[in-house]
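Trainee: If you read the sequences in order, they're chains A and B. Position in the first sequence (from 1) plus 391 gives the number in the working numbering. Position in the second sequence (from 1) plus 6 gives the number in the working numbering.
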Amino acid sequence: MSILLGENMVGGYGGADILQGCTVAVDVGEIAVIVGPNGAGKSTAMKAVFGMLNLREGRVVLDGKDITALSPQARVKEGMAFVPQTNNVFAGMTVEENLEMGAYLRTDDFRGTMEQIYDLFPILKEKRRQAAGELSGGQRQQVAFGRALMTEPRILMLDEPTAGVSPIVMDELFDRIIEVGRTGVAVLMVEQNAAQALEIADTGYVLVTGENRFTDTGAALLANPEVRRSFLGG
Amino acid sequence: MEGILNAVVLFSNFVLIPGMAYGSQLALGALGVTLIYSILRFANFAHGDLMAFGTMFVILITWWLQSIGVGIDPLPTALLALPFGMAAAIAISLLSDRFVYRFYRRNKSPAVIFVIVSIGVMFLMNGLVRVIIGPNDQEFGDGARFLIKVREFKEATGLNEGLALKLSQGLTIAVTFVVVIALFWFLQKSRTGKAMRAYSDNEDLALLSGVNPDKVVIVAWVIAGSLATIAGTLYGLDKSFKPFTYFQLLLPIFAAAIVGGIGHPVGAVVGGYVVAFSEVTVTYAYKKFLIYLVPESWEPESLVQLLSTEYKFAVSFVILVVVLLVRPTGIFKGKVL
Ligand SMILES: Nc1ncnc2c1ncn2[C@@H]1O[C@H](COP(=O)(O)OP(=O)(O)OP(=O)(O)O)[C@@H](O)[C@H]1O
Ligand SMILES: [Mg+2]
């Protein structure tokens, strides 16, 4: 059974429905990847799972409990963390303050977690007094990733965590995501670099116009000629 | 040498000290405007009348305390009454949020609607103040008048020119100093302050981090109401209390917030002094000042006053227009209105 499930989700931004009954799920220690063309509704599906969108139909289930009506803040308390695709750092605040904001709901001592994140991304320690808005694209993504990790989430949701970063940083970020997954965190992510992402995916979802077109293991999707032709560029 | 000293004293007496005091009052006002702008994302036109409302309560309580003989001489009784005025301003702010602004926030109305709504709230507060205390000038200052008296200063220094420092001016500068430091400490270091900056910086991400938007909004009103009452009371003690004057203060206060960069607290403070000193230096008559400095043959015949004091609001207006045309983000790169 999945720890997190968004089932038959239908909804949008007030106008026409963007999601047309799409389903995504992820399990503990697993990496699930959503791929698909631009405008397919990948980000919308992530927002729906995090409660930032009103669903007309379908439900979101966490640990077997229906959380469809829960606010995003309440989901943070339940152990979910989300890195949105855009504007995912507090640009005017320092790197360290960004991380502190990640731990906003924590009442225990979070310095240990912060040290772990600095170990994961040493450059952030170096730049911890600098405003996040002044950093390069790759460093910003690391801040965004780090902020989400500060809650010590059970479920980490990442929307295109490697957008706009160099290939080297991208490989590094993928490595970090795998590491986080190994610690027992359920990772649900959207990726533009579909081929590379499916390689590390336990489960892959190909989303087109708000619907699941293909759902399978990452390896099986990579081997599927139709998926290769339509979505992985041959 | 004595000429230069006399000129310096003259300048301090008529430009520096009044400018510092007025600048402090504007800074406190502009901080409130900027704070509401960064959290609720609209320019609050009711801020001037919120100042009047809070100050009115301070005055009423001050009168009552005076009538029962309670005071803290030589300090003005109004300081004792200040917390009550702050509470009243906070209460009306929270009520207006609960019954007016919240509706538009839930509807995600555009900023223009909020501005117009705030003008409605402004008329409401303005009406309340006029009904309760009336439209006229009110006297409520007591305690010592001066920290430094002209005559004593002259006797002590032997200079022609005397320096006066009113208690209300000294108090204004000191209170502003303390309030600004406390506010900056709060915003920079406290958990709630950081949540407010985060919410102002990136609302969605703040929500994703678990920041409670209702709480942030409440704290913003609490601070804005407090600052408005402090600013209004200090202004009233320094000059006088008249509801219409407080409405008029909106212009220099907005100018201050925008010059500094709206949404930027440091900018609001700097902007307050920039606007105040522009006003004071432009409307000051430099004749006497120059006489002390230049040889007799160069002595000016006119008053050497760039603008007569009746036009002092034009200064704020010109600053506002120039900043919006040339550098709309202000000195410290706030948000563009
Ligand atoms: N805030 C919004 N309000 C209204 N419509 C939106 C909003 N955000 C996205 N949309 C629309 O929803 C559809 C799906 O967008 P979404 O961002 O989910 O796509 P995506 O798959 O994440 O694309 P991309 O790969 O470009 O990130 C698009 O047609 C988009 O125009
Ligand atoms: Mg997207």
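Every residue gets a Cβ at the ideal spot worked out from N, C-alpha and C, and that includes glycine.
Assign ASP408 (chain A) to one of three DSSP states: helix, strand, or coil.
Mentor: DSSP places ASP408 (chain A) in strand when its eight states are reduced to three.
Trainee: Could you tell me whether the Cβ atoms of VAL15 (chain B) and GLU158 (chain B) are closer together than 8 Å?
Mentor: Contact flag unset, no.
Trainee: Nearest to ALA262 (chain B) by CA position, among B:THR40, B:PRO116, B:TRP69, B:ASN19, is which residue?
Mentor: The residue with the shortest Cα to Cα distance from ALA262 (chain B) is B:THR40.
Trainee: Between which two residues does the alpha helix (DSSP H) holding VAL185 (chain B) run?
Mentor: Run containing VAL185 (chain B): 173–195, per the alpha helix (DSSP H) assignment.
Trainee: Determine the DSSP secondary structure at ARG604 (chain A), reduced to helix, strand or coil.
Mentor: If DSSP states are grouped into helix, strand and coil, ARG604 (chain A) belongs with the strands.
Trainee: In three-state terms, what does DSSP make of ASN615 (chain A)?
Mentor: In this structure, ASN615 (chain A) counts as coil in the three-state DSSP scheme.
Trainee: Verify the CB distance criterion: does ALA439 (chain A) have a CB-CB separation below 8 Å to chain B?
Mentor: Cβ-Cβ to chain B under 8 Å: no for ALA439 (chain A).
Trainee: Going along the chain, which residues of the stretch 194–208 of chain B sit with their C-beta nearer than 7 Å to a C-beta in chain A?
Mentor: Those residues of the stretch 194–208 of chain B that come within reach of chain A (Cβ to Cβ, closer than 7 Å) are LYS200, ALA201, ARG203, ALA204, ASP207, ASN208.
Trainee: Answer yes or no: does any C-beta atom of chain B fall closer than 8 Å to that of LEU526 (chain A)?
Mentor: No - not a single Cβ of chain B is within 8 Å of the one on LEU526 (chain A).
Trainee: Can you check DSSP and say which residues form a bridge with TYR596 (chain A)?
Mentor: Per DSSP, A:ILE425, A:THR606.
Trainee: Would you give the residue range spanned by the alpha helix (DSSP H) that ILE546 (chain A) belongs to?
Mentor: Per DSSP, ILE546 (chain A) belongs to no alpha helix (DSSP H); it is in the beta strand (DSSP E), 546–550.
Trainee: Quick one: Cα of SER206 (chain B) to Cα of ALA93 (chain B), how far?
Mentor: Spanning the two alpha carbons is a distance of roughly 25 Å.
Trainee: LYS160 (chain B) to SER232 (chain B), Cα distance in whole Å?
Mentor: If you take the alpha carbons of LYS160 (chain B) and SER232 (chain B), they lie about 39 Å apart.
Trainee: Among the candidates A:GLY405, A:ASN479, A:GLY572, A:VAL581, whose CA atom is the shortest distance from the CA of ASP114 (chain B)?
Mentor: Reading off the sequence, residue 114 (chain B) comes out as Lys, not Asp. Of the listed residues, the one whose Cα sits closest to LYS114 (chain B) is A:GLY405.
Trainee: Which whole runs of the alpha helix (DSSP H) in the stretch 507–542 of chain A are 4 residues long or more, in chain order?
Mentor: List check, alpha helix (DSSP H) in window: 513–517, 528–540.
Trainee: Would you check whether ligand 1 has a heavy atom nearer than 7 Å to the C-beta of ASN429 (chain A)?
Mentor: Yes - ligand 1 has a heavy atom lying nearer than 7 Å to the Cβ of ASN429 (chain A).
Trainee: Taking all protein chains shown into account, decide if ASN489 (chain A) is buried (16 or more other Cβ within 10 angstroms of its Cβ) or exposed.
Mentor: ASN489 (chain A) comes out buried.
Trainee: Hey, which unbroken runs of the alpha helix (DSSP H) at 4 residues or more fall wholly within the stretch 13–97 of chain B?
Mentor: Taking only runs of at least 4 residues, the alpha helix (DSSP H) segments lying wholly in the stretch 13–97 of chain B are 23–46, 53–73.
Trainee: For the beta strand (DSSP E) containing ALA472 (chain A), list its first residue and its last residue.
Mentor: Unbroken beta strand (DSSP E) run through ALA472 (chain A): 471–474.
Trainee: Entirely within the stretch 105–132 of chain B and at least 4 residues each: give me those alpha helix (DSSP H) ranges in chain order.
Mentor: Runs of the alpha helix (DSSP H) inside the stretch 105–132 of chain B: 108–112.
Trainee: If you run the structure through DSSP and keep just helix, strand and coil, what is VAL581 (chain A)?
Mentor: Note: VAL581 (chain A) maps to strand in three-state DSSP.
Trainee: Taking the beta strand (DSSP E) that MET400 (chain A) belongs to, which residues open and close that run?
Mentor: First-last of the beta strand (DSSP E) with MET400 (chain A): 395–403.
Trainee: With GLY449 (chain A) as the anchor, note down where its alpha helix (DSSP H) starts and where it stops.
Mentor: Not the alpha helix (DSSP H): GLY449 (chain A) falls in the beta strand (DSSP E), residues 446–453.
Trainee: Answer with yes or no whether the minimum CB distance from ALA416 (chain A) to chain B is below 8 Å.
Mentor: So no, ALA416 (chain A) is outside the interface.
Trainee: Please compile the residues from chain B whose C-beta is within a distance smaller than 9 Å of the C-beta of PRO544 (chain A).
Mentor: Within 9 Å Cβ-Cβ: nothing; PRO544 (chain A) doesn't reach chain B, min ~11 Å.
Trainee: Does the stretch 507–518 of chain A touch the stretch 532–544 of chain A, meaning 3 or more C-beta pairs lie closer than 8 Å?
Mentor: Yes, since at least three Cβ pairs between the stretch 532–544 of chain A and the stretch 507–518 of chain A fall closer than 8 Å, the two stretches touch.
Trainee: Please list the terminal residues of the continuous alpha helix (DSSP H) segment that includes LEU240 (chain B).
Mentor: Here the alpha helix (DSSP H) through LEU240 (chain B) covers 219–244.
Trainee: Following a CB-centred definition, is ASP499 (chain A) positioned closer than 7 Å to any heavy atom of ligand 2?
Mentor: Incorrect: ASP499 (chain A) has no Cβ contact closer than 7 Å to ligand 2.
Trainee: Does the structure place the stretch 33–52 of chain B close enough to the stretch 285–303 of chain B that three or more beta carbon pairs sit under 8 Å?
Mentor: Not touching, per the Cβ criterion.
Trainee: To the nearest angstrom, how far is it from the Cα of MET492 (chain A) to the Cα of GLN464 (chain A)?
Mentor: About 13 Å.
Trainee: Which residues bound the beta strand (DSSP E) around ILE154 (chain B)?
Mentor: Per DSSP, ILE154 (chain B) belongs to the beta strand (DSSP E) from 152–154.
Trainee: Does ASP143 (chain B) come within less than 8 Å of chain A when only Cβ atoms are used?
Mentor: No, no contact with chain A.
Trainee: Does the beta carbon of SER3 (chain B) come closer than 8 Å to any beta carbon on chain A?
Mentor: Any property of residue 3 (chain B) remains undetermined from this structure, which presents chain B solely from 7 to 343.
Trainee: Would you kindly work out how many angstroms separate the C-alpha atoms of VAL286 (chain B) and GLY25 (chain B), rounded to a whole number?
Mentor: Roughly 6 Å separates the two Cα atoms.
Trainee: With DSSP collapsed to three states, give me the class of LYS339 (chain B).
Mentor: In the structure shown, LYS339 (chain B) sits in coil (DSSP, three-state: anything other than H, G, I, E or B).
Trainee: Determine the burial state of VAL118 (chain B): buried for a count of at least 16 other Cβ atoms within 10 Å of its Cβ, exposed for fewer.
Mentor: Counting Cβ neighbours within 10 Å, VAL118 (chain B) comes out exposed, since fewer than 16 surround it.
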